[in-house]
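Note sheet for the following structure.
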Amino acid sequence: MYRISFSFIQPGIKPVMLENVEPGQTLLEVALKNDIELHHNCGGVCSCTTCHLFIEKGMEFIDDMSKREKDFVKTVFGHKANSRLGCQSLLLDGEGDVEITVPDQTLLPDEFYGFDF
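Every letter in the sequence shown is one number past the one before it in the numbering used here, and letter 40, counting from 1, is 238.
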């Protein structure tokens, strides 16, 4: 079981701490099941970047990034070494602490995610 904390860059949203989170779920699934709003324009199939997250702690508890995810993450404005897509970040078997920062989701995709629409 995992303990997962979600912090938000967007002003006015308080951090959320989740206890006893089971492995085998993506971070997007965990967020949505717990009423944490996380954009996912493609429905969670690794076809956009709107579920972009920063994994501050616990990257070792998440499966490796696929080439497809890497290609998408590279297009995110302001991406970092700890950037992941929530829909592709599967919690591995085990237990530990995972700390996530959710970027400001009030920006339009072309302003933040680097796409021209």
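Idealized CB from N, CA, C, for every residue including glycine.
- In the DSSP assignment, phenylalanine 204 falls within the beta strand (DSSP E) that extends over 200-206.
- Here proline 213 is exposed: its Cβ has fewer than 16 other Cβ atoms, across all protein chains shown, within 10 Å.
- CA-to-CA, the gap between valine 219 and isoleucine 298 works out to about 14 Å.
- For phenylalanine 252, DSSP records a beta bridge to Ser281, Thr299.
- When DSSP states are grouped into helix, strand and coil, glutamate 217 belongs to the strand group.
- For leucine 236, the secondary structure class from DSSP, reduced to helix, strand or coil, is coil.
- Apart from sequence neighbours up to five positions away, the residues of its chain that approach glutamate 217 with a beta-carbon distance below 7 Å are Arg201, ordered along the chain.
- Around the beta carbon of glycine 284, 16 or more other beta carbons sit within 10 angstroms, so the residue counts as buried.
- For asparagine 280, the CB contacts under 7 Å within the same chain, skipping 5 residues up- and downstream, are Phe252, Ile253, Glu254, Met257 in chain order.
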